[in-house]
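Numbering (my numbering), first residue to last: 12 to 90. For each residue, glycine too, the CB sits at the ideal point set by N, CA and C. As the structure is a prediction and not an experimental result, all values here were calculated from the model.
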């Protein structure tokens, strides 16, 4: 699930970061997407996705099993 989260959210994160660092270059999010894709190609929208996964991956791998064990320990059953 961490991989899916990173793949889905990476383009929005790239566009958000570029707009936040904008110095009058972009007129809005769609303009930012168009200029990014034209300048760097479509894969530029997923630049940095691996770093994001390396941050989120361990979190996802540990959170859900721990959550299930705690639910079982407190007698709440499984989802």
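Item, Value
"Note the first and the last residue of the continuous alpha helix (DSSP H) segment covering residue 24.", "13–31"
"CB-CB under 8 Å to residue 64, same chain, minus the five flanking residues each way: which ones, in chain order?", "13, 14 and 17"
"Quick one: measure Cβ to Cβ for residue 21 and residue 56, integer angstroms, because I've assumed they're closer than 8 Å.", "7 Å"
"Assuming residue 26 and residue 40 are in contact, meaning their beta carbons sit under 8 Å apart, how far apart are those beta carbons, in whole angstroms?", "6 Å"
"To the nearest angstrom, how far is it from the Cα of residue 44 to the Cα of residue 38?", "11 Å"
"Which value, in whole angstroms, describes the spacing of the CA atoms of residue 87 and residue 74?", "17 Å"
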